[in-house]
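K.L.:
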Amino acid sequence: LYEPSAPQESQSASTAGEDGSVYQNSGAKLIRRAELTIQTTQFDQAVDALQALVEECGGYFENSSVYGGSYRDANARRSGEYVVRVPAEKYSEFLSASGDLGYVTQLTESSEDVGEQYYDAESRLKTQRTKQERLLELLEKAENMEDIISLENALSEVEYQIEQYTSTLNRYDALIGFSTFNIYLNEVSKVNEEVGETASLGSRMAAGFRSS
Numbered sequence: 018l019y020e021p022s023a024p025q026e027s028q029s030a031s032t033a034g035e036d037g038s039v040y041q042n043s044g045a046k047l048i049r050r051a052e053l054t055i056q057t058t059q060f061d062q063a064v065d066a067l068q069a070l071v072e073e074c075g076g077y078f079e080n081s082s083v084y085g086g087s088y089r090d091a092n093a094r095r096s097g098e099y100v101v102r103v104p105a106e107k108y109s110e111f112l113s114a115s116g117d118l119g120y121v122t123q124l125t126e127s128s129e130d131v132g133e134q135y136y137d138a139e140s141r142l143k144t145q146r147t148k149q150e151r152l153l154e155l156l157e158k159a160e161n162m163e164d165i166i167s168l169e170n171a172l173s174e175v176e177y178q179i180e181q182y183t184s185t186l187n188r189y190d191a192l193i194g195f196s197t198f199n200i201y202l203n204e205v206s207k208v209n210e211e212v213g214e215t216a217s218l219g220s221r222m223a224a225g226f227r228s229s
């Protein structure tokens, strides 16, 4: 069984751009991820905006958690952790728009080309299916019980391998087809540096680095 491995190399926003040669390789099987930490003075509005953005991009929430806050204390600070899956072709659009959710204090991007593992699993699956066809043909012609039992055991093992490789490819397809965003939304009374409601993601990040 070939399971997707963890990303081996992280790339910054500047080095993981669309101009990189790996993105121009039609045979590349890219798993793309991004992690953002965002401050906001308007937590509820930011959550609503995030939900609208995810829907607009055709994505979905894989996980969603909110911590802090209290019905006894309306001023208690809250934080939200969200795992969002977005179609790979919407990666750049979602990343850019997420800068409007609040004040981005940290951004990390990573990508992993799993093409070698993917095509290897695909080739092994094809081999097992060919073997399955041959075993079925032999089973139809088998006459004595010993041969039938032996062929059925071999067929059972092949079917197990087919199931495992199919599961691996399906998992790869899900990771490749939908990019993963880990978003940490923190409620604050005041951000470190005001950057304006319409500031771009780059401007917000630059301001964050200057203030830190």
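Residues in the sequence shown are numbered from 18 upward in steps of one, following my numbering.
For glycine and all other residues, C-beta sits at the position ideal for the given N, C-alpha and C.
#1: Ends of the beta strand (DSSP E) at L202?
#2: According to the neighbour-count rule (16 or more other Cβ atoms, all chains shown, within 10 Å of its Cβ), is A63 buried or exposed?
#3: Measure the alpha-carbon distance for L202 versus T125 and round it to whole angstroms.
#4: Evaluate the contact criterion for the segment 132-145 versus the segment 50-66: three or more CB pairs, one atom per stretch, below 8 Å.
#5: Just the C-alpha distance for V212 and Y120, rounded to the nearest angstrom, thanks.
#6: In whole angstroms, what separates the C-alpha of V71 from that of R151?
#7: Who are the near neighbours of F111 in its chain, counting only those whose CB is closer than 6 Å to its CB and skipping five residues on each side?
#8: Specify the secondary structure class of A45 as computed by DSSP and reduced to three states.
P.N.:
Inspection of the coordinates gives the following:
#1: 195-204 is the extent of the beta strand (DSSP E) around L202.
#2: Under this definition A63 is a buried residue.
#3: Cα to Cα, the separation comes out at about 15 Å.
#4: They do not touch, by the three-pair rule.
#5: Bear in mind that the predicted position of V212 carries a pLDDT of just 48, short of 50, making it too unreliable to give a figure here.
#6: About 47 Å.
#7: For F111, where only same-chain residues beyond five positions count, the Cβ hits under 6 Å are C74, V103.
#8: In this structure, DSSP gives A45 a state outside helix and strand, which the three-state scheme calls coil.
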